[in-house]
Each structure stands twice: as C-alpha cells, then as structure tokens.
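Undergrad: Numbering (our numbering), first residue to last: 1 to 114.
#1: DSSP state of residue 29, grouped into three classes?
#2: Decide if the segment 33 to 46 is in contact with the segment 11 to 21; the criterion is three or more beta carbon pairs, one per stretch, under 8 Å apart.
#3: Taking 8 Å as the cut-off, decide whether the C-beta atoms of residue 79 and residue 46 are in contact.
#4: When you compare only the Cα positions, how much space is there between residue 12 and residue 60?
#5: With residue 89 and residue 56 assumed to form a contact (beta carbons below 8 Å), what rounded beta-carbon distance in angstroms separates them?
#6: Do residue 97 and residue 74 have their C-beta atoms within less than 8 Å of each other?
And the structure:
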C-alpha cells in the first residue's frame with residue numbers, strides 16, 4: 001500500500017492527520033505544498049476524481065484575500081490555476097492511498113480507510 005499525504009506542515013488539521021497516522025503506525029510520504037509545490041497534472045487528476053468544489057478551500061483566509069474577480073465565476077480550470085498559484089487554497093489534507101483520494105481529516109473516516 002502506498003500512502004502519500006499532501007498539505008502544509010503548520011496547518012492544525014494536517015497536524016491532527018499526521019499524529020493519527022503516526023499513532024496507527026501507517027507509513028506515509030509527506031508532500032509539502034510550500035516547499036514542493038503542486039503540478040497541474042496532479043491537480044487535474046484530483047479534480048477529475050473528487051471535483052474542484054471539494055478540493056478548493058473557500059473557507060480559508062487565502063481565498064478571502066483573493067481579488068473579487070478571482071473569487072467569481074470559478075470553474076474547474078480556474079480553480080486549478082488558483083490552487084497551483086496558491087497551494088494554500090487546496091483543502092487539507094489530501095490523502096492519496098493507492099490512487100484513491102480522501103480530502104480533509106476525520107478520525108472516523110481514516111479508521112475506515114485503514
């Protein structure tokens with residue numbers, strides 16, 4: 001089983017997910033958006049699998065700080081451009097387990113997966 005966790009290390013939700021995985025003994029690779037970025041092909045694959053509406057974090061301060069024009073008329077292509085330019089706009093964490101994505105962290109959901 002291959003597990004990759006995507007996110008930003010100082011995010012509280014990320015910290016909870018990483019602690020949960022560590023406590024359960026789940027081996028995973030961590031991909032830090034801030035240092036490693038995220039490529040368009042990966043974002044497109046994710047959008048195809050879960051939808052841009054699930055992936056785009058519209059509740060965070062990064063989204064609220066966007067220009068009004070950037071917050072309007074969002075479609076998949078625009079969402080991908082925004083998330084690639086500002087990875088903080090990607091809802092966290094994104095857990096990729098053998099190609100199956102889980103967006104966000106809930107201990108009960110992770111318990112079902114593992």
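Ideal Cβ placement from N, Cα and C applies to all residues, glycine included.
TA: So, from the listed chains and residues:
#1: Strand at residue 29.
#2: Short answer: they don't touch.
#3: No, Cβ-Cβ distance for residue 79 and residue 46 is not below 8 Å.
#4: Approximately 13 Å, taken between the alpha carbons.
#5: Correct: roughly 6 Å between the Cβ atoms.
#6: No, they are not a contact pair.
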